[in-house]
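S.K.: Under this note's numbering, the very last position in the sequence shown is 893; numbers go up by exactly one each time.
If you scroll down you'll find the structure; I have some questions about it.
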Amino acid sequence: MPDRNGLNAFQNPASVAVIGATERPGSWGSFIMNGLMAYRFPGPLYPVNSHAGQVYGLPAYRDVREVEGPVELAVLTIPEEGVEEAITACGEKGVRGVTIVTAGFAETSESGRVKQDAVVKLARSYGMRLVGPNVSGTFNLHGNFCAAAARGGAEIRVTPLAATCQGGYAFYELLASASVRNMGVGRFVHTGNECDVTVTDFLEYFGRDPAVRGVVMYLETIRDGRRFLEVAREVTARKPVVVYKAGRTPGSARAAASHTGALSGRKELFNGLLNQAGVVLAPCMEMLIPIGHALMERPPMKGRRVCIVTMGGSWGVALSDSLEETGLEVTELSPGLQKRLRDMGVPERASLKNPVDMGAAGTLFAVEHAHAIARDVLLSGEVDAMILHGIGRPGMHDQNTEDFMRIFAAMEADIIRKFQALEAETGIPVVIGSHHTPLESQVIHDINQEGIRVPDTLQKIADLLFAMYDYERKRQRAAGS
413 MPDRNGLNAF
423 QNPASVAVIG
433 ATERPGSWGS
443 FIMNGLMAYR
453 FPGPLYPVNS
463 HAGQVYGLPA
473 YRDVREVEGP
483 VELAVLTIPE
493 EGVEEAITAC
503 GEKGVRGVTI
513 VTAGFAETSE
523 SGRVKQDAVV
533 KLARSYGMRL
543 VGPNVSGTFN
553 LHGNFCAAAA
563 RGGAEIRVTP
573 LAATCQGGYA
583 FYELLASASV
593 RNMGVGRFVH
603 TGNECDVTVT
613 DFLEYFGRDP
623 AVRGVVMYLE
633 TIRDGRRFLE
643 VAREVTARKP
653 VVVYKAGRTP
663 GSARAAASHT
673 GALSGRKELF
683 NGLLNQAGVV
693 LAPCMEMLIP
703 IGHALMERPP
713 MKGRRVCIVT
723 MGGSWGVALS
733 DSLEETGLEV
743 TELSPGLQKR
753 LRDMGVPERA
763 SLKNPVDMGA
773 AGTLFAVEHA
783 HAIARDVLLS
793 GEVDAMILHG
803 IGRPGMHDQN
813 TEDFMRIFAA
823 MEADIIRKFQ
833 ALEAETGIPV
843 VIGSHHTPLE
853 SQVIHDINQE
863 GIRVPDTLQK
873 IADLLFAMYD
883 YERKRQRAAG
893 S
């Protein structure tokens, strides 16, 4: 991809120097070195520290200017009093980009801001781009590049989703949680204080990368609202962008100011800007990655109408509340459709109004007929999405016999697969919901590994579907404008 703004150094560097590299456990110099080595960075890797010697078996250098070959990216993990000198050395070496992990700049005090401004002026005199200060790094796992404090090995699932965040540390915990659910991101940038490169710059960069199919963002502030609006409109015309905005309350705004030096604006103004740009708002941090995956992978949700199919009546009642409080509709199925479903043999004790209670119809009936019933509903033109809930119950026993548990789990897995196949057949979103995580239910674990994602709370289901509806509504509005 053409490097229009000098950002390739932070995602596809040909070579990397870690200034402050060390083997000391718990240090940033060790974190960054371990990330690069764990993901087998394919280019030259140069540890730099004042003691030289070796770092993790690699020859170290006392100064980046001593490195024989070119250095495209330098990562600074040194105390803040040494940053200006390191920037000068990088500039003289011809380094293209510098990630400043070091904290102690504009996020701490006015004197810190003065030091930060001096670093920026110095870097610009050499034509270098800066990410940071006060960051945890960047990665592009598609290219085996991880100059970040990310968890190693298989704990991050590599996907076409990219993330650009003003706060990065909590995002790693979200990645660990997402990987349990077979979700993740392939590219990540933590921009921190944004002394030079901003989240908007990387939104534009990821927006123009054809390998990126969706972008998720954690924002505490927007430094140039007009430019963000322009870039976000351009990107959302091609791929989904999901934002979680932190700093919405007085307490969190104070925390954001001390965290990255951000000035958080009024919630209403911020949300208005994002909505104008076609961005989907995540209701909480935990939903950033799940919503990003849903918008990237699922068919469009063209209206508000949702049909609920449950394996227990109380789930339908509670789920109806969550959906309608979010802004969706659980509309009653037409008398004609209900009659057709009843003619398929659904017992009178099972409600067909919506929610459709398959639990009351009996497990064996549900196994044999729920798929056909759901298909009829989806093809009726009366719904825009469907939920199957009440699956994956780990505590169901028949006199504690393992045989029954095995048979029951197989039946549930069969129902899930058949329902999920309806999404591809009809082009209408079908969400499978359970109150259990892949760690609690073997059925959910196995289905999850097949790529069928299962939200584990009623509110997550509602938030996911509303985001899908909201994205399609904004997309259609932009196309018609």
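No residue lacks a Cβ here, since even glycine has one placed at the ideal position from N, Cα and C.
Computed from a predicted structure; not experimentally measured.
Any idea if N605 is buried or exposed, counting beta-carbon neighbours within 10 angstroms, 16 or more meaning buried?
M.R.: Buried: at least 16 other Cβ atoms inside 10 Å.
S.K.: So what's A689 in DSSP terms, helix, strand or just coil?
M.R.: The answer is coil: DSSP assigns A689 none of H, G, I, E or B.
S.K.: Name the DSSP beta bridge partners of G549, please?
M.R.: DSSP, once it has assigned bridges, lists A560 as partnering G549.
S.K.: Taking C-beta to C-beta, are T743 and R717 nearer than 8 Å?
M.R.: A contact, by the Cβ cut-off of 8 Å.
S.K.: Helix, strand or coil, according to DSSP, for I859 in the structure here?
M.R.: I859 falls in the helix class under three-state DSSP.
S.K.: According to DSSP, simplified to helix, strand and coil, what is K830?
M.R.: Of the three classes helix, strand and coil, the one that applies to K830 here is helix, per DSSP.
S.K.: Quick check on the DSSP output: what are the complete beta strand (DSSP E) runs of length 3 or more inside the stretch 501-535, in order along the chain?
M.R.: For the stretch 501-535, whole beta strand (DSSP E) runs of length 3 or above, ordered along the chain, are 509-512.
S.K.: Ignoring anything shorter than 4 residues, give me the alpha helix (DSSP H) runs that lie fully in the stretch 581-655, in order along the chain.
M.R.: With a minimum length of 4 residues, the continuous alpha helix (DSSP H) runs that stay inside the stretch 581-655 are 581-592, 611-619, 637-648.
S.K.: Measure the alpha-carbon distance for S726 versus G863 and round it to whole angstroms.
M.R.: Rounded to the nearest angstrom, the two C-alpha atoms are 28 Å apart.
S.K.: Leaving out five residues before and five after A535 in sequence, what residues of the same chain have Cβ atoms less than 6 Å from its Cβ?
M.R.: Closer than 6 Å at the Cβ level, and outside the excluded window around A535, lie I499, L542.
S.K.: Apart from the five residues on each side of it in sequence, which residues of its chain come closer than 6 Å, Cβ to Cβ, to G900?
M.R.: The requested residue 900 does not occur in the structure, where the chain is confined to residues 413 to 893.
S.K.: Span of the beta strand (DSSP E) holding R541?
M.R.: Its beta strand (DSSP E) spans residues 541-543.
S.K.: Suppose contacts are defined by Cβ-Cβ distances below 8 Å. Is V592 in contact with V653 by that definition?
M.R.: In this structure, V653 does not lie closer than 8 Å to V592 by Cβ.
S.K.: What does DSSP give as the partner residues of R717 in its beta bridges?
M.R.: Its beta-bridge partners are E741.
S.K.: Within the same chain, show all residues whose beta-carbon is closer than 6 Å to that of V601, passing over the 5 residues directly before and after it, in chain order.
M.R.: Counting only Cβ-Cβ distances below 6 Å, and skipping sequence neighbours, we find T550, T576, F614.
S.K.: Is L791 helix, strand or coil by DSSP?
M.R.: Of the three classes helix, strand and coil, the one that applies to L791 here is coil, per DSSP.
S.K.: Taking only the alpha-carbon atoms, compute the straight-line gap between M629 and V547 and give it to the nearest angstrom.
M.R.: Rounded to whole angstroms, M629 to V547 spans 15 Å at the Cα level.
S.K.: In terms of residues, what are the limits of the beta strand (DSSP E) holding L800?
M.R.: Per DSSP, L800 belongs to the beta strand (DSSP E) from 797-801.
S.K.: What's the gap between the Cα of V777 and the Cα of G579?
M.R.: Residue identity differs from the one stated: residue 777 is Phe in this sequence, not Val. About 50 Å.
S.K.: Short of 6 Å in beta carbon distance, which residues of its chain neighbour S670, apart from the five on each side in sequence? Order them along the chain.
M.R.: Because the pLDDT at S670 is just 49, under 50, the model does not fix this residue reliably, and the value given afterwards should be weighed accordingly. Cβ neighbours of S670 beyond the five flanking positions: none.
S.K.: State the DSSP-derived secondary structure class of K765, mapped to helix, strand or coil.
M.R.: Of the three classes helix, strand and coil, the one that applies to K765 here is coil, per DSSP.
S.K.: Short of 7 Å in beta carbon distance, which residues of its chain neighbour E884, apart from the five on each side in sequence? Order them along the chain.
M.R.: Around E884: P712, M713, K714.
S.K.: Tell me T576's beta-bridge partners as DSSP assigns them.
M.R.: Partner(s): V601, M629.
S.K.: Which residue wins for smallest C-alpha separation from V460, given the options R569, A530, D475, P454?
M.R.: Of the candidates R569, A530, D475, P454, the one whose C-alpha sits nearest the C-alpha of V460 is D475.
S.K.: Could you please give the first and the last residue of the uninterrupted alpha helix (DSSP H) stretch that includes L700?
M.R.: Here the alpha helix (DSSP H) through L700 covers 700-709.
S.K.: Which whole-angstrom value is the C-beta distance of V467 and A433, which I expect to be below 8 Å?
M.R.: Confirmed, Cβ separation roughly 5 Å.
S.K.: Using the rule of at least 16 other Cβ atoms within 10 Å of the residue's Cβ for burial, across every protein chain shown, is R761 buried or exposed?
M.R.: Flag for R761 reads exposed.
S.K.: When you compare only the Cα positions, how much space is there between G637 and A464?
M.R.: The straight-line gap from Cα to Cα measures roughly 45 Å.
S.K.: Determine which residues share a DSSP beta bridge with G845 and list them.
M.R.: For G845, which the question treats as bridged, DSSP gives the partners H801.
S.K.: Between the stretch 505-514 and the stretch 480-489, are three or more C-beta pairs nearer than 8 Å?
M.R.: The stretch 505-514 vs the stretch 480-489: in contact.
S.K.: Name the DSSP bridge partner or partners of V487?
M.R.: Note: V487 sits in a beta bridge opposite V430, T511.
S.K.: Under the rule that 16 or more other beta-carbon atoms within 10 Å means buried, what is K872, buried or exposed?
M.R.: K872 should be labelled buried.
S.K.: Using the C-alpha atoms, what's the distance from R416 back to I856?
M.R.: If I take the Cα positions, the gap works out to 44 Å.
S.K.: Apart from the five residues on each side of it in sequence, which residues of its chain come closer than 7 Å, Cβ to Cβ, to P695?
M.R.: Here the set comprises D875.
S.K.: Taking the beta strand (DSSP E) that P459 belongs to, which residues open and close that run?
M.R.: Unbroken beta strand (DSSP E) run through P459: 457-460.
S.K.: How many whole angstroms separate the CB atoms of T511 and G544, which I take to be in contact at a CB cut-off of 8 Å?
M.R.: Their Cβ separation, rounded to whole angstroms, is 6 Å, which keeps T511 and G544 in contact under 8 Å.
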